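Chains as they are written, first to last, in the UniProt record's numbering: chain A, 1 to 415; chain B, 1 to 415.
Beta carbons: idealized from backbone N, C-alpha and C, even for Gly.
This one's a predicted model, so the numbers in the text were calculated from it and none came from an experiment.
One structure is given below, encoded as structure tokens.
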């Protein structure tokens, strides 16, 4: 169950403030003073990372009002986080916080201002750095100083890396899964198109659509989600799953919206996108989608520093970058940039590349690929048994852009 | 200048008919009985392929009403087609026909029904096969029997290949540029999303928006075009052209539409997409966009045959498949499928792969890559000097999926 904690006045990077930032979060397992693992959720994820019993349920007094957050995303990493799983909640105290700007209980556009009206687009624009600072604030309230690890995927991976930049003494191990130091131009474009789908929906109404009697910009948000789903899958995985097949009887949706549908088929892949878009509009807020995609787009590890390496130079911990060959949203090359930058800053680093054609979704749907390296990394850092570095197999550099670098964990832990 | 020819009653593949199909076309050069080259335009292209003087201007009598077609696309392959160019209009009689369903003068949704009202979505759904049959009809009127060549890029390449399938005795040389036997699932999805952008625009109004006093679905069509542009570029070319730069003063557009734009930048790449989307809505019809993307999506070379090879088995001519390494809309792998299928049907074939990071747009923006092989192919077929086959360099098959096949033009023309 989700708890919600008020962490007081919060000034966002943009300069705007809220009087009392509220953060929805879940915790799993028992804190022993040295075993806290912060898990950072992806764009439309929530604090509900696992179906394991949340220890926040036990919270009493003014620290955390236990609430049911209606419509929140399903436990999004239940295969990876829980008792006996890779992020083992019998061993670690796992904390996951809904990021400011989102819509699963933390302050954001759909929540109330002090005057009782919804914030809407008056909510301050948020950055990944704001998320990190808000998480730090919550962890202070929970009595967590140094984190054993921060783990996150996609923009949650940017959030995890941001911890190493912003609080370099506070994290022992950062696991950055399917992420990048910054988004590339192609994905920036698709995100901008997705936002435009929302803002050109007349029901968006300048962001002012809250209230039971008012239509929500479902068409626009659905379009944004369809675009997102194409980004999350790969050419190969889409071909394998759907091919060019017509949707069968009983498929979600029943016809293409365009007039040529009187002769041409409604396809399985369109039905899949429509189904996911429809369920998404039921669980996510359109303004939050604008805010969170913008936070992702704007993240740049090197910002305020000369380079990614300088941004990570003060980091005292280790870094695991985990990437997937079929991911075109956050590519292997981008993870390599991140790993190389960290190594150049003398951060013990492994870049573990998973051969997969699942696309970006791989980090969610391949627990068998993600779990073992993550488990061993949490236990033993980059020396973990299942942790591979792409330079390991071929120290001459066959798979790496850094042929002159010896494999990191081999050099740190010879033999 | 464009001429328009009525070719009589036309029954579309869907079973619906129009009483009198009108086809807008241009011709360049003089027909000598054996030198006709049909050029097939891409999705939103037109009959206006070159700025060379159009010989259709000389057309007299009832064959071709010379017209100015307002707003038609610029000469889209002027660097490739014209006097002294790769498709040399002093040597060949070049014909380019606006496809049925389009909006540059041929019958389509924005044109008039016999009752004087616009067709709108009552226009019959069109297929690439309909385009081929309509072109055959026009060529009959022009007195062209067998074509020296059919050349086309993108869905125009599907159109070119369809000639080999549908009229296998009528074409000596097919040049299929940046195309595929059928679209893949990822691109089908993006096209479906683009159509949804149009049909969810309230101004689309079920396709009934014609008339000076009525709004056109510009927001939806602009979104469709933005999505298209991302498909036409590559990750690398987008990164190189725009990076993550903010748009400068004087850029087209001035602000992102989303509320976080009060803190975050409007980017060059968004300005580029907005500029192109805006100019597109001024020159293209939203219903036509629905019809033509559907024709592209539905094309399947193997349809009505057991396989691509069987579809091409009766073809008496040669095939050049020309593809670009950075093209993710119509990939090198898809061109290879096409080439392999033709070879399996004993069609003399070359698959010429251009190393390029321009994406799908390469066939339009790299005349220096496209021109020489195309020129030599028109002159000498797959034996043409500048025509490479991907198997040439390494007959053992290093670059090919067909390692057991000898290079075709080497085997046909030893030495």
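Judged by DSSP secondary structure, residue 126 of chain B falls outside any beta strand (DSSP E); it is assigned neither H nor E.
Against chain A, a Cβ distance below 8 angstroms from residue 219 of chain B picks out 200. In this structure, residue 325 of chain B places its C-beta atom within 8 angstroms of the C-beta atom of residue 354 of chain B.
Within chain B, the C-beta atoms nearer than 9 angstroms to that of residue 269 of chain A come from 185, 186, 188, 189 and 192, in chain order. Under the DSSP assignment, residue 242 of chain A falls in the alpha helix (DSSP H) whose first and last residues are 235-242. When beta bridges are read from the DSSP output, residue 182 of chain B appears opposite B:300. Within the same chain, and ignoring the five residues on either side of residue 193 of chain A in sequence, the residues whose Cβ sits closer than 8 angstroms to its Cβ are 227. Within the segment 259-321 of chain A, complete alpha helix (DSSP H) segments of at least 4 residues are found at 268-281, 286-298 and 308-312, given in chain order. One thing to note: residue 240 of chain A has its Cβ no nearer than 8 angstroms to the Cβ of residue 267 of chain A. Against chain A, a Cβ distance below 8 angstroms from residue 264 of chain B picks out 125, 294, 297 and 298. Under the Cβ criterion of 8 angstroms, residue 244 of chain A is counted among the residues facing chain B. Remark: C-beta atoms of residue 386 of chain A and residue 372 of chain A approach each other more closely than 8 angstroms.
Proximity of the segment 97-106 of chain A to the segment 42-58 of chain A meets the contact definition, three or more beta-carbon pairs being nearer than 8 angstroms.
For residue 223 of chain B, the nearest beta carbon of chain A is closer than 8 angstroms to its own beta carbon. Per DSSP, reduced to three states, the secondary structure at residue 106 of chain A is coil, with no helix or strand assignment. Residues of chain A whose Cβ lies closer than 9 angstroms to the Cβ of residue 291 of chain B are, in chain order, 258, 259 and 260. For residue 322 of chain B, the closest of B:175, B:191, B:199 and B:200 by C-alpha to C-alpha distance is B:175.
Under DSSP, residue 112 of chain B shares a beta bridge with B:118. Contiguous alpha helix (DSSP H) elements confined to the segment 154-214 of chain B occur at 155-166 and 185-199, taking only those with 4 or more residues. At least one beta carbon of chain A lies nearer than 8 angstroms to the beta carbon of residue 207 of chain B.
Between residue 165 of chain B and chain A, the shortest Cβ-Cβ separation is not below 8 angstroms.
Scanning A:238, A:189, A:50 and A:148 for the CA closest to the CA of residue 359 of chain A turns up A:238.
With a 10 Å radius around the Cβ and a threshold of 16 neighbouring Cβ atoms, residue 368 of chain A comes out exposed. Within the same chain, and ignoring the five residues on either side of residue 295 of chain A in sequence, the residues whose Cβ sits closer than 6 angstroms to its Cβ are 126, 127 and 128. Residues of chain B with a Cβ closer than 8 angstroms to the Cβ of residue 273 of chain A are, in chain order, 189, 192 and 193.
Annotation: residue 18 of chain A has no Cβ neighbours in chain B at a cutoff of 8 angstroms; minimum Cβ distance is about 15 angstroms. The Cβ atoms of residue 110 of chain A and residue 16 of chain A do not sit closer than 8 angstroms to each other.
Judged by DSSP secondary structure, residue 229 of chain B falls outside any beta strand (DSSP E) and instead within the alpha helix (DSSP H) spanning 218-232. Taking the CA atoms as reference points, residue 114 of chain B sits about 46 angstroms from residue 351 of chain B. Closest in alpha carbon position to residue 379 of chain A, among A:173, A:219, A:38 and A:333, is A:173. Annotation for residue 362 of chain B: the continuous alpha helix (DSSP H) segment containing it runs 362-365.
Contact note: residue 197 of chain A reaches chain B through 197 and 223, using a C-beta cutoff of 8 angstroms and chain order. Out of B:312, B:328 and B:12, the CA that lies nearest to the CA of residue 160 of chain B is found in B:312. In the three-state reduction of the DSSP assignment, residue 136 of chain B falls in the helix class.
Among the residues of chain A, those whose CB is under 7 angstroms from the CB of residue 121 of chain B are 259, following chain order. By the criterion of at least three beta-carbon pairs nearer than 8 angstroms, the segment 301-308 of chain B is not in contact with the segment 276-283 of chain B.
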